[in-house]
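Inspection log for the structure reproduced underneath, given as structure tokens.
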Amino acid sequence: MENISNIVDKLRSGEVVRCLKCNEGKYITNPKYLKTSHCYWCDKCDDTIHITPADVIVE
Ligand SMILES: [Zn+2]
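With the first letter of the sequence shown counted as 1, position 14 gets the number 49 in the working numbering; the numbers rise by one all the way through.
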């Protein structure tokens, strides 16, 4: 499994990241907040990644 902070870096740079849970969907967020969003979710299974300034939590 990839390091979560690497995944977040990719998401913020606009790269497509496959869902860690279902491996079919990709993580999306509100396009307005692509660079600063603290929440990304899978477009298939709704798996979410929450980011706080201190750490990253996968739920
Ligand atoms: Zn998924």
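Think of the CB as a built atom: it goes at the ideal place given N, C-alpha and C, for glycine as much as any other residue.
Residue i beta carbon near ligand 1 (any heavy atom closer than 8 Å)
i, result
"glutamate 59", "yes"
"aspartate 44", "no"
"lysine 67", "no"
"cysteine 74", "no"
"lysine 56", "yes"
"lysine 70", "no"
Range of the contiguous alpha helix (DSSP H) that encloses residue i
i, result
"aspartate 44", "39-47"
Limits of the beta strand (DSSP E) - the one that residue i falls within
i, result
"histidine 85", "83-86"
"tyrosine 75", "74-77"
Buried versus exposed call for residue i [16 or more other C-beta atoms within 10 Å across all chains shown]
i, result
"tyrosine 68", "exposed"
"valine 52", "buried"
"cysteine 77", "buried"
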